[in-house]
Amino acid sequence: MEKSEVQNVLHRHSLPIIDKNTYLFYQFCDCFISVIEWRSTISECQIKIDFLQLLNNYNVTVADLFTLVFKLKNAIEQVIFENGNLSYALQSEIDSLTLQMAIDLELNFETIINSNQNYKSENSNLLTEYKKAVDLSNIVSKTNPKGIITYVNDKFCEISGYSRDELIGKPHNIIRHPDMPREAFKELWDTIKAKKSWSGVVTNMKKDGGQYIVDTTVIPILDVDGDVVEYIAIRHDITELEQTKQQLRNINKAMKNKVDELYSMTNTLEQKAYKDKLTGINNRENFEDIFALEIATAKQNNIPLSLVIFDVDNFKLVNDTYGHQAGDTILIDLVKLIEDNIKNGDIFARWGGEEFVILTPSTDINGACNLAENLRKLVQLHPFSYVENQMTLSFGVAQLSDDDNKKTLFEKADGALYEAKKNGRNRVEGCKV
7 MEKSEVQNVL HRHSLPIIDK NTYLFYQFCD CFISVIEWRS TISECQIKID FLQLLNNYNV
67 TVADLFTLVF KLKNAIEQVI FENGNLSYAL QSEIDSLTLQ MAIDLELNFE TIINSNQNYK
127 SENSNLLTEY KKAVDLSNIV SKTNPKGIIT YVNDKFCEIS GYSRDELIGK PHNIIRHPDM
187 PREAFKELWD TIKAKKSWSG VVTNMKKDGG QYIVDTTVIP ILDVDGDVVE YIAIRHDITE
247 LEQTKQQLRN INKAMKNKVD ELYSMTNTLE QKAYKDKLTG INNRENFEDI FALEIATAKQ
307 NNIPLSLVIF DVDNFKLVND TYGHQAGDTI LIDLVKLIED NIKNGDIFAR WGGEEFVILT
367 PSTDINGACN LAENLRKLVQ LHPFSYVENQ MTLSFGVAQL SDDDNKKTLF EKADGALYEA
427 KKNGRNRVEG CKV
């Protein structure tokens, strides 16, 4: 009401600012805002006829009606902008809804003016120019309540490839693209038959079989009794925009696949760096890093930690007799057998050649010796390929003491392994704390 353009309209037509009129204006404004907020139609606004009748009583013109409507739209956008919420998409939606409301209000206003025999040629000229502007910037069509095309503008013919004669009198599904799901059109018809506007993105098919994508709004036009007279569809061609978005999606997908591929390669390289190439368990370098951390953890938390070192007895004879390929196969089978019989949390690694280590946290010397003895018996009874005689292992076991470090703990376990070999192999020797 404070906008100068609005005040000029009211003053020019001597429309008094009395409580009744002001209240009616506020009711109409509330209805206008509700249409935008709920994306409904002005047809559902019962106060609109009273509002338009008030304007007609004071000979307000169609031009002035448009001024009031679009100044109200601008005021709403200004408030939203000041609150920091006016995006391009929201502004476009408000503009589209306002255009729908203006068309609906204009049709109702014309009916009221005609009923009072007060229609003026200047309004007709203005409406013609307004419709011309809509025609030039949008793809427009009209259908009767049964969906038969009654009007198409030049832009519709241009983008679809059909002539006007080929479209008029045909059902609107003449341009339906097979990729569009039937559910989408059911929702559209359910909405507009309920006398509400429908908006959405639709893929249509050209006469030559090509496709084009449009942002579509379908508006039911009602007579003074509230019955549907026709449907007007206003479309914006967004084919290029959608194609660009699809290209970006494809690029993003390709980039994601590339990132996943690089991540997988990195993991593979990391695994290769930390794993023994033949057996797949920890290699010596990785074990030494873990060894240092486990010693620090055990001392900090005052928990036991034991180290088991074992060696395959007479393995050189296996390689010399059956070849290195046979030796490799035996080592792979041996590692699998050991892995299946140690507990979760034990760190198993190949120290070099046929020598292996097991670091077993939270385990004292007795527990580690029991583990070693169980593994010794399993291996002795296991039938390995290539060799006729039983394979055996020699074990050395040591527990971490307060004054031990990585070097001294390893030396104790290695010394125990030496004792096991010296004492006849196929046995477990433990170094007492």
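For the sequence shown, this note's numbering assigns the number 7 to the initial residue and increments by one for each residue that follows.
Just so it is clear, CB atoms sit at the ideal spot from N, CA and C, and this is done for glycine as well.
Just so it is clear, the structure is predicted and the values come from calculations on it, not from any experiment.
Problem - Three-state class that DSSP yields for Q396 in the structure shown - result: Sequence index remark: in the sequence shown, residue 396 carries index 390 (1-based). Coil, per DSSP.
Handout entry: Distance between V146 and S169 (C-alpha atoms, nearest Å)
Key = Counting from 1 along the sequence shown, the entry for residue 169 is found at position 163. Counting from 1 along the sequence shown, the entry for residue 146 is found at position 140. Cα to Cα, S169 sits roughly 14 Å from V146.
Handout entry: G167 to I181 span [Cα, whole Å]
Key = Counted from its first residue, the sequence shown places residue 167 at position 161. Counted from its first residue, the sequence shown places residue 181 at position 175. Going from the Cα of G167 to the Cα of I181 covers about 10 Å.
Problem - F354 to N91 span [Cα, whole Å] - result: Position 348 of the sequence shown holds residue 354. Position 85 of the sequence shown holds residue 91. Approximately 60 Å, taken between the alpha carbons.
Practice task
Write down the C-beta distance between V68 and F115 rounded to the nearest angstrom, noting that I regard them as a contact closer than 8 Å.
Solution key: The residue labelled residue 68 in the question sits at position 62 within the sequence shown. The residue labelled residue 115 in the question sits at position 109 within the sequence shown. Indeed, because the Cβ distance is near 6 Å, the residues count as touching under 8 Å.
Exercise for the section: Could you have a look at R182 and say whether DSSP puts it in helix, strand or coil? Expected result: Against the sequence shown, residue 182 aligns to sequence position 176. Of the three classes helix, strand and coil, the one that applies to R182 here is strand, per DSSP.
Problem - Alpha-carbon to alpha-carbon, K212 and T73 - result: Residue numbering aside, residue 73 sits at position 67 when the sequence shown is read from its first letter. Residue numbering aside, residue 212 sits at position 206 when the sequence shown is read from its first letter. Whole-angstrom Cα-Cα distance: 38 Å.
Practice task
Note down the Cα distance separating D171 from W195, rounded to an integer number of angstroms.
Solution key: Numbered from 1 along the sequence shown, position 165 holds the residue referred to as residue 171. Numbered from 1 along the sequence shown, position 189 holds the residue referred to as residue 195. Near 25 Å, if we compare the C-alpha coordinates of W195 and D171.
Exercise for the section: Using 10 angstroms around the beta-carbon of Y29, count the other beta-carbons present and answer buried if the total reaches 16, otherwise exposed. Expected result: As a first step, residue 29 is located in the sequence shown; it is residue number 23 there, counting from the start. Y29 comes out exposed.
Practice task
Using three-state DSSP, classify T73 as helix, strand or coil.
Solution key: What you label residue 73 is simply residue 67 of the sequence shown in a count that begins at 1. Residue state, collapsed to three classes: helix.
Handout entry: Cα-Cα separation between T335 and N289, rounded to whole angstroms
Key = In the sequence shown, counting from the first residue as 1, residue 335 sits at position 329. In the sequence shown, counting from the first residue as 1, residue 289 sits at position 283. Going by the C-alpha atoms only, they are around 18 Å apart.
Problem - Per DSSP, cross-strand counterpart(s) of L365 - result: Position 359 of the sequence shown, counted from the start, is the residue given in the question as residue 365. Paired residue(s): L313, I353.
Handout entry: H388 in three-state terms, based on DSSP
Key = The residue labelled residue 388 in the question sits at position 382 within the sequence shown. Looking at H388 - three-state DSSP - the assignment turns out to be coil, as it is neither helix nor strand.
Exercise for the section: Specify, as a first and last residue, the run of the alpha helix (DSSP H) that I336 falls within. Expected result: Your numbering for residue 336 matches position 330 in the sequence shown. Note, I336: alpha helix (DSSP H), 330-345.
Practice task
Can you say whether W44 is buried or exposed, counting buried as having 16 or more other CB atoms within 10 angstroms of its CB?
Solution key: The residue you call residue 44 lines up with position 38 of the sequence shown. Counting Cβ neighbours within 10 Å, W44 comes out exposed, since fewer than 16 surround it.
Exercise for the section: Would you kindly check if the distance between the Cβ of D317 and the Cβ of E361 is under 8 Å? Expected result: For this step, residue 361 is matched to residue 355 along the sequence shown. For this step, residue 317 is matched to residue 311 along the sequence shown. Taking 8 Å as the Cβ cut-off, E361 and D317 qualify as a contacting pair.
Handout entry: Nearest to D231 (by Cα), restricted to the options F34, L247, I55
Key = Position 225 of the sequence shown, counted from the first residue, corresponds to residue 231. Nearest option by C-alpha distance: I55.
Problem - For R241: DSSP bridge partner residues - result: Here the question's residue 241 lines up with position 235 in the sequence shown. Partner(s): I145, T222.
Exercise for the section: Leaving out five residues on either side along the sequence, give the residues of the same chain with a beta carbon under 7 Å from the beta carbon of T197. Expected result: Your numbering for residue 197 matches position 191 in the sequence shown. So the qualifying residues of the chain are W204.
Exercise for the section: To the nearest angstrom, report how far apart V393 and A302 are at their CA atoms. Expected result: Mapped onto the sequence shown, residue 393 falls at position 387. Mapped onto the sequence shown, residue 302 falls at position 296. When rounded, the distance between both Cα atoms is 42 Å.
Practice task
Please state whether DSSP places L92 in a helix, a strand or coil.
Solution key: Along the sequence shown, one-based indexing puts residue 92 at 86. L92: coil per DSSP, three-state reduction.
Handout entry: Own chain, CB closer than 7 Å to V434, minus 5 neighbours either side, in chain order
Key = The sequence position of residue 434 within the sequence shown is 428, counting from 1. These residues qualify, in order along the chain: C375, A378, E379, R382, F401, V403, A426.
Problem - Pairwise C-alpha distance: L343 and L337 - result: The residue you call residue 337 lines up with position 331 of the sequence shown. The residue you call residue 343 lines up with position 337 of the sequence shown. Straight-line Cα distance between these residues: approximately 10 Å.
Practice task
Taking Y424 as part of the alpha helix (DSSP H), name the residues at either end of that continuous run.
Solution key: Translated into positions along the sequence shown, residue 424 becomes position 418. Where Y424 is concerned, the enclosing alpha helix (DSSP H) stretches over 412-428.
Exercise for the section: Pick out whichever of Y237, Q217, T117, C35 has its Cα sitting closest to the Cα of N62. Expected result: Translated into positions along the sequence shown, residue 62 becomes position 56. When each option's Cα is compared against that of N62, the closest is T117.
Handout entry: Coil, strand or helix - A200 by DSSP
Key = If you number the sequence shown from 1, residue 200 lands on position 194. Looking at A200 - three-state DSSP - the assignment turns out to be coil, as it is neither helix nor strand.
Practice task
Can you say whether A239 is buried or exposed, counting buried as having 16 or more other CB atoms within 10 angstroms of its CB?
Solution key: Taking the first residue of the sequence shown as 1, we reach residue 239 at position 233. Answer is buried; the Cβ neighbour count reaches 16.
Exercise for the section: Might you give, ordered along the chain, the residues of its own chain that have their beta carbon closer than 7 Å to the beta carbon of G430, omitting 5 neighbours on each side? Expected result: As a first step, residue 430 must be located in the sequence shown, where it is residue number 424. Taken in chain order, the list of residues that qualify is empty.
Exercise for the section: List the endpoints of the continuous beta strand (DSSP E) containing T156. Expected result: Along the sequence shown, read from residue 1 onward, the residue named residue 156 stands at position 150. Counting along the chain, the beta strand (DSSP E) containing T156 begins and ends at 155-158.
Handout entry: Distance CB(I225)-CB(I100) smaller than 8 Å
Key = Against the sequence shown, residue 225 aligns to sequence position 219. Against the sequence shown, residue 100 aligns to sequence position 94. Not closer than 8 Å, so no.
Practice task
Could you please give the first and the last residue of the uninterrupted alpha helix (DSSP H) stretch that includes D233?
Solution key: Walking along the sequence shown from the start, residue 233 turns up at place 227. Here D233 belongs to no alpha helix (DSSP H), and DSSP marks it neither H nor E.
Practice task
Just tell me which of W357, P389, S407, I296 has its CA closest to the CA of I371.
Solution key: Working through the sequence shown from its first residue, we reach residue 371 at position 365. Considering only alpha carbons, the answer is S407.
Problem - Collapsed DSSP secondary structure at K281 in the structure displayed - result: On the sequence shown, residue 281 is found 275 positions in, with the first residue counted as 1. In this structure, K281 counts as strand in the three-state DSSP scheme.
Problem - 6 Å CB neighbourhood of K126 in its chain, flanking five on each side removed - result: If you number the sequence shown from 1, residue 126 lands on position 120. Low per-residue confidence applies at K126: pLDDT is 48, beneath 50, and the placement is therefore not dependable, though the value from the model is reported in the following sentence. Counting only residues of its own chain and dropping the five nearest sequence neighbours on each side, K126 has no CB closer than 6 Å to any other CB.
Exercise for the section: May I have the straight-line CA-CA distance separating D214 from H183, to the nearest angstrom? Expected result: Start at 1 with the first residue of the sequence shown, and residue 214 comes out as number 208. Start at 1 with the first residue of the sequence shown, and residue 183 comes out as number 177. Going by the C-alpha atoms only, they are around 12 Å apart.
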